[in-house]
Amino acid sequence: MDSEELESLPSQESSYLENSELEIIEDKPTKTSNISPQSRITSPIMTKFERAHVLGVRALQLSMGASPMVDIEFETSPLKIAIKELKVKMIPFIVRRKLPDGSYEDWSIREMYVNEF
Numbered sequence: 031m032d033s034e035e036l037e038s039l040p041s042q043e044s045s046y047l048e049n050s051e052l053e054i055i056e057d058k059p060t061k062t063s064n065i066s067p068q069s070r071i072t073s074p075i076m077t078k079f080e081r082a083h084v085l086g087v088r089a090l091q092l093s094m095g096a097s098p099m100v101d102i103e104f105e106t107s108p109l110k111i112a113i114k115e116l117k118v119k120m121i122p123f124i125v126r127r128k129l130p131d132g133s134y135e136d137w138s139i140r141e142m143y144v145n146e147f
């Protein structure tokens with residue numbers, strides 16, 4: 031196909047604009063609001079999935095050189111240090127639980143009950 035044939039073909043943009051009606055709509059952000067601690071609806075118990083995520087992220091931070099929040103004695107494993115921090119609720123994280131209506135609840139690790147493991 032030479033350049034003359036290419037020029038004679040309608041461009042995708044122009045054929046789209048000719049064959050459709052354009053409608054401009056307002057870009058509205060979805061409802062994302064924080065639920066106050068007094069009106070929370072979820073359980074204060076940390077799920078095993080939240081616990082695994084918190085421990086994994088904290089162990090990664092420790093392995094990258096973050097300062098431990100507890101006395102580590104002779105412990106060298108980042109995961110064991112993270113477990114120790116979680117047992118005394120010293121991990122400086124907030125768990126955000128997203129709800130079906132688009133809102134969310136923020137829970138501090140100190141506010142949550144962690145099952146023994």
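In the working numbering, the protein residues as written are 31 to 147.
Cβ atoms here follow ideal geometry from the backbone N, Cα and C, with glycine treated the same way.
Problem - Distance between Ser73 and Ile139 (C-alpha atoms, nearest Å) - result: Taking the first residue of the sequence shown as 1, we reach residue 139 at position 109. Taking the first residue of the sequence shown as 1, we reach residue 73 at position 43. Approximately 13 Å between the Cα atoms of the pair.
Problem - Assigned exposure category for Arg126 - 16 Cβ within 10 Å defines buried - result: One-based indexing of the sequence shown puts residue 126 at position 96. Result: exposed.
Practice task
Please name the residue in Glu80, Trp137, Ile75 whose C-alpha comes closest to that of Tyr143.
Solution key: Here the question's residue 143 lines up with position 113 in the sequence shown. The option with the nearest alpha carbon to Tyr143 is Ile75.
Practice task
With a cut-off of 8 Å on the beta carbons, I'd call Ile121 and Trp137 a contact; round off their distance for me.
Solution key: Position 91 of the sequence shown holds residue 121. Position 107 of the sequence shown holds residue 137. The Cβ separation is near 12 Å, so there is no contact.
Practice task
Could you please give the first and the last residue of the uninterrupted beta strand (DSSP E) stretch that includes Ile124?
Solution key: Numbered from 1 along the sequence shown, position 94 holds the residue referred to as residue 124. Element bounds for Ile124: 124-128.
Exercise for the section: Give a yes or no on whether the C-beta atoms belonging to Glu80 and Met99 are separated by under 7 Å. Expected result: Taking the sequence shown and counting its residues from 1, the one referred to as residue 80 is at position 50. Taking the sequence shown and counting its residues from 1, the one referred to as residue 99 is at position 69. Their beta carbons are not under 7 Å apart, which means Glu80 does not touch Met99 by this criterion.
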